[in-house]
Amino acid sequence: MNSKKRKSTLMDNFLIKKKSKSDSVETDIQDNHDEDIGLFIGKKVNNELKYKMLTSPCMPSTSYDYKADVTSGNRPFLLAWLKQYDWLCYSTALKGALCKFCVLFEPSLDKGGVHGAFIKTAFCKYKKFHEQAKSHAKSSWHNHSVQRANDFISIMNGKKTDVYQNVRQTIESNKDKLKSIISSIIFLGKHGLPFRGTYDDTAVFNNLLNFRVESGDVKLENHLKKGNKNALYISHRIQNTIISNLGSVISNIILNRVKNAECFSVLADETMDIQGVEQLSICLRYVFYENNQPVLKEDFVGFIALEKLDAESIAYKILSSLESWGLDLNKLVGQGYDGASTMAGHISGVQKRIKDPHKKAVFVHCASHRLNLVLNELNSIPSIRNTIGVIKETINFFKESSLRQSAAPSLTKLCVTRWSESHKALRKFDENFLLIIEALEYLKINGNKDTSLKAMYLLNSVSTSQFIICLKIIAKYSAIIEPVTNILQGVDCDVLNANEHIKKLIKHISNYRIRSDDIFLSLMDDVNKYLIELDIELKTPRINTPSSDPVDYYKKSIFIPYLDSLITSLNDRVAEDFEKFEVFSIHPKFMKNIKKEEFIIKLKNI
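The following block contains the structure:
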């Protein structure tokens, strides 16, 4: 018996057993069970496995018995459907159909929507399979998942760049589009040009962009023609955003330079914007090294709105702004403002309130501003004041009309704030005086009623010997002061140089005072040329005069008082800080040019 059993076992080893259907199915499922797509619903899948499941998904064998997965009375899944629908997969684990694209790239839900068959659960009701399958294939979320899957496959195959590279390319493309726009905005800002026009098509900004396109800016042209209308980056809001960002970049560059400097000074001046808001303009003065060479910089850093105009509030605004910009106030060595008592007061002015906690912050009244105040004080002489008034009226008369302006095109207005322009205006008026007389005579005869009356009044005012003498005096000394004013307004002019220029100016005018007789006779030679040309008699006003000679009268009543007032004002207003900066004299650069006696005097003043 045992021998027969052992013999039978040996025979079994050489015979091939026939597999049952259940054995075959079990083997097929076992071989592919780990990659069954039904096991990955709602789960993260690594890129390698995801790629494999998309390109060669797990499928049951051709001999798989789909009927065994069906509950009683239901229609089974058909193998032919897998070929008919390329997105279809069959999960042996869930015993139903799934969409491989939607499972691996689950689409986002619309508000209130729920994903069901083919996506979150296997589809098992095959009676209406084709109807449901076609409906799923047409859905927007399915198409979105298919697109994502195709992009993923292209990336894995190396045919398409990854999403990060696409983002980088998009960023670089947008930068290229913005470069031309930003460059145009910078151009308008540098040249003080407006952005807008009467209409959008006449706006300077839009015309500048069109000019760039006509000049061959292909990237800008494609952007303006093919870009989305809501993303052209040329709207007023975008313009303001770019301007604000440019301002921040420039301010940060300046502030970083100031932070790295050994010291700095603050300059401030109160002004009012077009809306009537009181504000303080702030500039910083510092030394910056370019190519290892020190360069003096004076940069505007911003406006500060002022709620109050008292010294305490203004001082607080200045200090708090400097601190908010991250500047070290221990490096603050200077402050410069105008001469108003609120700013320059030595008891409770802004400069005093800042200097008390910051001892090194020496206050310096702007030398050019002080020089302008000197010229204003010359108006205390009645004849000089009247002459300046007539000059202003005459210039305004010609500037009010383009027709009048064409008669005297070279005239420049007397500017209140731009002092160098005022000197230029006086010089131009003197140079074109005969042309002005001729234009007034023409307008008196040929102008309308108002123009004729005004021209006659001005002609009578300027056609007097006293006016011409005052004009020559003002023009002569304005021409002397003009170059000094321009030097004092220069960024590179330090306090010592400013004082040296003022000293030379005072010395120069003092010599004129000593030689007043000769200087005035020379000036009268120029006056007589005008008087002869215009047929005007040299005479004195009908008042008690200190002299019967007209030349002597004008010298004593106008010329000498003018020089005395000019010298006195220069000494009082401008020379007051000379001793304060005598310490610069001990610098070797200046010491070598000073005589011993002069150097001893300077040391005593320190």
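Be aware that the sequence shown starts at 1172, since it is given in this note's numbering, and climbs by one per residue. We treat Cβ as the ideally placed atom computed from N, Cα and C, and that holds for glycine. Just so we're clear, the structure is a prediction, and the values are computed from it rather than from any experiment.
Euclidean distance between Cα positions of residue i and residue j
| i | j | result |
| --- | --- | --- |
| Asn-1657 | Glu-1592 | 10 Å |
| Leu-1426 | Trp-1496 | 7 Å |
| Leu-1480 | Gln-1340 | 52 Å |
| Ser-1512 | Leu-1605 | 43 Å |
| Lys-1766 | His-1672 | 19 Å |
| Ile-1771 | Asn-1742 | 22 Å |
| Leu-1269 | Tyr-1297 | 12 Å |
| Lys-1396 | Arg-1367 | 21 Å |
| Phe-1568 | Lys-1430 | 51 Å |
| Ile-1608 | Thr-1622 | 15 Å |
| Ala-1432 | Glu-1571 | 49 Å |
| Lys-1348 | Leu-1364 | 22 Å |
| Ile-1409 | Leu-1403 | 9 Å |
| Ser-1325 | His-1315 | 15 Å |
| Ser-1195 | Asp-1240 | Confidence is the limiting factor: at Ser-1195 the pLDDT is only 39, short of 50, which leaves the residue's position unreliable and the question unanswerable from this model. |
| Tyr-1261 | Asn-1416 | 57 Å |
| Lys-1584 | Asp-1388 | 42 Å |
| Phe-1323 | Tyr-1256 | 20 Å |
| Leu-1391 | Ile-1342 | 15 Å |
| Cys-1229 | Val-1317 | 18 Å |
| Glu-1704 | Leu-1659 | 38 Å |
| Glu-1478 | Ser-1551 | 35 Å |
| Asp-1706 | Asp-1735 | 32 Å |
| Gly-1398 | Ile-1414 | 22 Å |
| Ala-1251 | Ser-1310 | 23 Å |
N- and C-terminal bounds of the beta strand (DSSP E) containing residue i
| i | result |
| --- | --- |
| Gly-1267 | 1267-1270 |
| Glu-1441 | 1435-1443 |
| Leu-1455 | 1449-1461 |
| Tyr-1261 | 1259-1262 |
| Gly-1473 | 1464-1476 |
| Gln-1506 | 1503-1507 |
Assigned exposure category for residue i - 16 Cβ within 10 Å defines buried
| i | result |
| --- | --- |
| Asn-1401 | exposed |
| His-1466 | Position check: residue 1466 holds Val in this sequence, whereas His was assumed. With fewer than 16 Cβ atoms within 10 Å of its Cβ, Val-1466 is classed as exposed. |
| Glu-1768 | exposed |
| Val-1698 | buried |
| Ile-1525 | buried |
| Pro-1553 | exposed |
| Thr-1263 | buried |
| Ser-1740 | buried |
| Thr-1565 | buried |
| Ile-1445 | exposed |
| Asn-1831 | Because the chain here runs from 1172 to 1777, residue 1831 falls outside it and cannot be looked at. |
| Tyr-1725 | buried |
| Asn-1337 | exposed |
| Phe-1376 | buried |
| Arg-1686 | exposed |
| Pro-1231 | buried |
| Asn-1217 | exposed |
| Arg-1575 | buried |
| Arg-1177 | Bear in mind that a pLDDT of 46 at Arg-1177, under 50, signals an unreliable position, so the number given afterwards is only what the model happens to contain. Answer is exposed; the Cβ neighbour count stays below 16. |
Integer-rounded CB distance, given that residue j should sit under 8 Å from residue i
| i | j | result |
| --- | --- | --- |
| Asn-1558 | Leu-1642 | Correcting the residue type first, residue 1558 is Thr in the shown sequence and not Asn. Their Cβ separation, rounded to whole angstroms, is 6 Å, which keeps Thr-1558 and Leu-1642 in contact under 8 Å. |
| Phe-1272 | Trp-1258 | 5 Å |
| Leu-1611 | Ala-1626 | 5 Å |
| Ile-1475 | Val-1521 | 13 Å between Cβ atoms; not a contact. |
| Val-1533 | Val-1504 | 7 Å |
| Lys-1813 | His-1529 | Because the chain spans 1172 through 1777 in this model, residue 1813 falls outside it and cannot be assessed. |
| Ala-1293 | Gly-1209 | 6 Å |
| Leu-1451 | Lys-1488 | 6 Å |
| Ala-1482 | Ser-1422 | Contact flag wrong, Cβ pair sits at about 26 Å. |
| Asp-1499 | His-1540 | With a Cβ gap of about 28 Å, Asp-1499 and His-1540 do not count as contacting. |
Run of the alpha helix (DSSP H) containing residue i, from where it starts to where it stops
| i | result |
| --- | --- |
| Asp-1723 | 1721-1725 |
| Tyr-1628 | 1620-1633 |
| Trp-1312 | 1311-1327 |
| Ala-1515 | 1512-1515 |
| Asn-1416 | 1407-1431 |
| Val-1216 | That residue, Val-1216, is in no alpha helix (DSSP H); it is neither H nor E in DSSP. |
| Cys-1641 | 1636-1659 |
| Arg-1524 | 1521-1526 |
| Trp-1496 | Taken as a continuous stretch (DSSP letters only), Trp-1496 belongs to no alpha helix (DSSP H), as it is neither H nor E. |
Residue i: CB within 7 Å of a non-hydrogen atom of the ligand MG
| i | result |
| --- | --- |
| Asn-1218 | For the structure depicted, the ligand MG is absent and the ligand set is empty, with no information on it obtainable. |
task: Evaluate the contact criterion for the region 1593-1612 versus the region 1645-1654: three or more CB pairs, one atom per stretch, below 8 Å.
output: Under the 8 Å Cβ criterion, the region 1593-1612 counts as touching the region 1645-1654, having at least three qualifying pairs.
message: Contact between the region 1224-1235 and the region 1287-1295 is defined here as three or more beta-carbon pairs at a separation below 8 Å; is this criterion met?
response: no
task: May I ask you to verify whether the region 1672-1690 touches the region 1614-1628, counting CB pairs closer than 8 Å and requiring at least 3?
output: no
task: Evaluate the contact criterion for the region 1449-1464 versus the region 1428-1436: three or more CB pairs, one atom per stretch, below 8 Å.
output: Yes, the region 1449-1464 is in contact with the region 1428-1436.
message: Would you call the region 1377-1386 in contact with the region 1344-1360, where contact means no fewer than 3 C-beta pairs closer than 8 Å?
response: yes
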